Amino acid sequence: LAGVGILLQTDMLKIPIGLAGAGYLGWLAWDSWREAATSGQPPAEPPEDAQ
């Protein structure tokens, strides 16, 4: 985190690092939502011809 803080002192990197952080938070939210939506369901059965 200290490295990111140092990089944020550079004006040229503020927007790309901010966008990357926002993208990462969006991915975390999507991944958490997807996991919550599928929890409690049994795993999918493999097709009969796969064995």
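Residue numbering for the sequence shown follows the numbering used here, starting at 301 and increasing by one per position.
Glycine included, C-beta positions come from ideal geometry on N, C-alpha and C.
Please read all numbers here as calculations on a predicted model, not as lab measurements.
field: Close Cβ partners of residue 307 (< 8 Å) along its chain, the five nearest in sequence each way excluded
entry: 313, 317
message: For residue 301 and residue 328, what's the separation of their Cα atoms in angstroms?
response: Cα-Cα distance, rounded: 18 Å.
message: Whole angstroms are fine: how far does the CA of residue 349 sit from the CA of residue 322?
response: So the two alpha carbons sit approximately 43 Å from each other.
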